[in-house]
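Here is the structure we will look at, set down as structure tokens.
There are 2 protein chains.
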Amino acid sequence: MKKALWVIKIGGNVIDNPNQLALFLHDFAQLEGGKILIHGGGKIATQMAAQLGIETQMVNGRRITDGEMLNVVTMVYGGLVNKNIVARLQANGVNAIGMTGADANAIKAVKRPVKEVDFGFVGDLKEDSVNQEILSKLIESGLIPVFSALTHNGHGQLLNTNADTIASALAVGLSSIYETKLIYCFEKNGVLKDVNNDNSVIQNINPSFFEELTKEGIIADGMLPKLQNAFDAISKGVKEVYIGNAAKLSDIHQGDNFGTCLSLN
Amino acid sequence: MKKALWVIKIGGNVIDNPNQLALFLHDFAQLEGGKILIHGGGKIATQMAAQLGIETQMVNGRRITDGEMLNVVTMVYGGLVNKNIVARLQANGVNAIGMTGADANAIKAVKRPVKEVDFGFVGDLKEDSVNQEILSKLIESGLIPVFSALTHNGHGQLLNTNADTIASALAVGLSSIYETKLIYCFEKNGVLKDVNNDNSVIQNINPSFFEELTKEGIIADGMLPKLQNAFDAISKGVKEVYIGNAAKLSDIHQGDNFGTCLSLN
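Protein chains in written order, with the working numbering: chain A, 23 to 287; chain B, 23 to 287.
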């Protein structure tokens with residue numbers, strides 16, 4: 023039987039809130055077995071760019087990563103945020119090792135091709151982007167990789183890469199070695215039946231129920247692509263995907279239901 | 023017989039010069055066997071602090087690392103400089119992994135005690151600061167650790183630590199497992215007989231010759247503590263210490279003399 027591996031992604035809202043981050047890191051530390059953390063960057067990168075007089079380039083409402091912004095992201099995500107999380111996990115007894123995709127050649131990406139928009143130094147992942155061999159060596163050495171949302175192209179160029187995408191690629195890529203469970207932490211308690219009622223969490227969703235919920239319009243807007251990506255990861259080997267509140271991660275190791283669990287069953 | 027391990031430190035002057043850095047990384051890649059790189063930060067941290075309106079605090083001509091400056095150092099050394107070096111080493115075929123002392127709990131320091139001066143978030147190393155076990159696991163996995171000048175105290179606090187000191191501690195700490203050779207790269211060709219003649223490199227210095235050179239005043243000023251520290255590292259197990267020009271690192275793998283070699287013989 024494969025060993026379990028948690029792949030957990032926290033978003034910027036957790037990073038931006040010191041108390042929430044402290045609680046999350048404490049709960050993350052309690053989680054038994056192999057685990058990987060992926061973190062977004064929060065507002066600090068945007069604030070830092072503003073302080074440095076760097077304007078955030080937007081095209082059609084989407085952010086462009088030019089050279090200056092890539093440097094800011096590398097400083098803030100890869101340095102400030104990542105290393106402080108690592109130091110604090112160490113204080114929680116977790117032997118964390120902070121990484122980007124460039125480190126140990128863990129995740130190799132390709133610069134997003136220029137079509138209507140040139141997104142700049144943004145990396146897209148491929149099927150074979152994740153270096154399973156080196157990551158499993160690190161994990162088997164007792165280390166807990168902590169990834170910031172940066173990859174590289176193998177030719178010396180760092181690339182900004184969506185943290186959700188990295189989390190999914192890691193969970194899929196490592197599913198041949200581990201029984202991977204992917205957890206997306208966000209600000210809500212899970213997938214909600216009633217978007218205005220934070221207690222209306224749907225506990226389990228399988229593919230047919232997903233179809234039903236989509237038809238009924240219960241899953242819509244931003245949640246739709248999130249769940250589509252989750253089921254895509256499941257179809258590629260991930261055992262379960264959880265979507266829930268970062269503040270309630272302790273539910274998982276207490277055996278309670280954490281947010282919404284997506285699986286084939 | 024122990025395997026050889028190169029522990030190589032480059033200073034800020036190499037970091038600040040893109041051509042020199044590219045040449046150095048190329049030469050570093052050619053060096054056979056296990057190796058570790060430690061880099062200083064260069065002028066970028068000072069420039070970044072100035073851009074952010076953070077004043078460098080000085081007491082008696084020595085820099086103080088307050089909270090704001092620690093954040094800048096973490097961003098620039100631990101993020102921008104470190105991750106770009108790693109990405110570029112990967113492009114040179116080196117499986118580099120960027121680290122601070124917090125990562126993998128590799129180097130644990132203590133905050134410098136406050137005496138006449140409070141240096142702020144500055145870390146001093148102890149005899150047992152270096153985590154030999156995890157570092158040898160990483161090295162035996164084929165990874166090349168690349169350290170920025172940051173450590174942690176094990177209680178969640180990152181600490182700014184002198185890169186020369188980190189290099190020496192790594193070479194000493196790993197000498198029980200590897201035959202460590204410590205290389206300090208700087209802007210001169212080595213220890214010079216005549217400070218105005220860059221070709222007057224003294225090729226070999228042993229402890230008695232060192233005493234002689236010191237008495238004659240040939241070794242003085244900033245070079246004296248550098249060499250004292252080098253011989254201290256040798257007395258604690260390091261096989262050889264080289265001091266030479268970063269631009270000439272290729273001399274080592276070409277079998278030529280690189281700078282000045284300090285050893286017991």
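C-beta atoms are modelled at their ideal positions from N, C-alpha and C, and glycine is treated no differently.
Keep in mind the model is a prediction, meaning the values are calculated, not measured.
Could you tell me the alpha carbon to alpha carbon distance between residue 236 of chain A and residue 227 of chain A, rounded to whole angstroms?
Rounded to the nearest angstrom, the two C-alpha atoms are 11 Å apart.
Unbroken beta strand (DSSP E) run spanning residue 172 of chain B, endpoints
172-174
Which residues, taken in chain order from the segment 83-100 of chain A, show a beta carbon closer than 7 Å to some beta carbon of chain B?
93, 96, 97, 98 and 100
What whole-angstrom Cβ distance do residue 169 of chain B and residue 122 of chain B have, given they're in contact under 8 Å?
7 Å
Is the beta carbon of residue 207 of chain B sitting closer than 8 Å to the one on residue 32 of chain B?
yes
Rounded to whole angstroms, what's the CA-CA distance from residue 251 of chain A to residue 69 of chain A? Just pull it up for me.
30 Å
Tell me which residue opens and which closes the beta strand (DSSP E) that residue 275 of chain B is part of.
Run containing residue 275 of chain B: none in the beta strand (DSSP E); it sits in the alpha helix (DSSP H), 272-275.
Provide the residue(s) that pair with residue 221 of chain A in DSSP beta bridges, ordered along the chain.
Answer is none; residue 221 of chain A lacks a bridge partner.
So if I threshold CB-CB distances at 9 Å, which residues from the segment 224-254 of chain B count as touching chain A?
none
For the segment 153-174 of chain B, which residues have a CB atom closer than 9 Å to at least one CB atom of chain A, in sequence order?
156, 159, 160, 163, 164, 165, 168, 170, 172 and 174
Under 8 Å by Cβ, that's how I've got residue 30 of chain B and residue 57 of chain B pegged, so tell me the actual separation to the nearest angstrom.
7 Å
Rounded to the nearest angstrom, how far is the Cβ of residue 87 of chain B from that of residue 141 of chain B, given a contact under 8 Å?
7 Å
The beta strand (DSSP E) that contains residue 110 of chain B, what's its start and end?
Residue 110 of chain B: not part of any beta strand (DSSP E); member of the alpha helix (DSSP H) spanning 104-113, first to last residue.
Assign residue 226 of chain A to one of three DSSP states: helix, strand, or coil.
Reduced to three states, the DSSP call for residue 226 of chain A is strand.
Would residue 125 of chain B and residue 120 of chain A qualify as a contact pair, given that the criterion is a beta-carbon distance under 8 Å?
yes
6 Å CB neighbourhood of residue 285 of chain A in its chain, flanking five on each side removed
262
Using only the alpha-carbon positions, how far apart do residue 145 of chain B and residue 132 of chain B sit?
5 Å
For the putative contact between residue 153 of chain B and residue 128 of chain B, defined by C-beta atoms under 8 Å, what is the C-beta separation to the nearest angstrom?
5 Å
Can you tell me whether residue 182 of chain B is buried or exposed? The criterion is at least 16 other CB atoms within 10 Å of its CB, across all chains shown.
buried
Does the Cβ of residue 276 of chain B have 16 or more other Cβ atoms within 10 Å, making it buried, or fewer, making it exposed?
Residue 276 of chain B comes out exposed.
Span of the alpha helix (DSSP H) around residue 198 of chain A:
No alpha helix (DSSP H) contains residue 198 of chain A, which DSSP labels as neither H nor E.
I believe residue 102 of chain A touches residue 104 of chain B by the beta-carbon criterion, under 8 Å. Please report the beta-carbon distance rounded to the nearest angstrom.
That pair is no contact at about 12 Å.
For residue 84 of chain A, does the count of other Cβ atoms within 10 angstroms reach 16, so buried, or fall short, so exposed?
exposed
Using 8 Å as the limit for Cβ to Cβ distance, is residue 199 of chain B near chain D?
Protein chains in the displayed structure are A and B, and chain D is not among them.
Is the Cβ of residue 61 of chain A closer than 8 Å to any Cβ of chain B?
No, its Cβ sits nowhere closer than 8 Å to a Cβ of chain B.
At 3 residues or longer, and completely inside the segment 125-162 of chain A: list those beta strand (DSSP E) runs for me, N to C.
Qualifying beta strand (DSSP E) stretches, in chain order: 129-133 and 145-152.
Where the segment 268-285 of chain A meets chain B: residues whose CB sits under 9 Å from a CB there
none
I'd like the list of long-range same chain contacts for residue 234 of chain A, defined as Cβ closer than 6 Å, with 5 residues on each side in sequence excluded.
none
Might you give, ordered along the chain, the residues of its own chain that have their beta carbon closer than 8 Å to the beta carbon of residue 156 of chain B, omitting 5 neighbours on each side?
126, 127 and 128
Please decide whether residue 6 of chain A counts as near chain B, where near means a Cβ-Cβ distance under 8 Å.
Only positions 23 to 287 of chain A appear in this structure, which leaves residue 6 of chain A out of reach.
Along the segment 119-150 of chain B, what residues have a CB closer than 7 Å to any CB found in chain A?
119, 120, 122, 124, 125, 126 and 127
Whose C-beta lies closer than 6 Å to the C-beta of residue 258 of chain A among residues of the same chain, with five residues either side of it excluded?
194
How many whole angstroms separate the CB atoms of residue 282 of chain A and residue 213 of chain A, which I take to be in contact at a CB cut-off of 8 Å?
With a contact defined as Cβ atoms closer than 8 Å, residue 282 of chain A and residue 213 of chain A qualify at about 4 Å.
Apply the 10 Å Cβ neighbour rule to residue 177 of chain A and answer buried if 16 or more other Cβ atoms are within range, or exposed otherwise.
exposed
Examine chain B for any beta-carbon lying closer than 8 Å to the beta-carbon of residue 102 of chain A, and answer yes or no.
yes
Is residue 141 of chain A near the ligand COA, in the sense that its beta carbon is under 7 Å from a heavy atom of that ligand?
With respect to the ligand COA, the structure offers nothing, as it holds no ligand at all.
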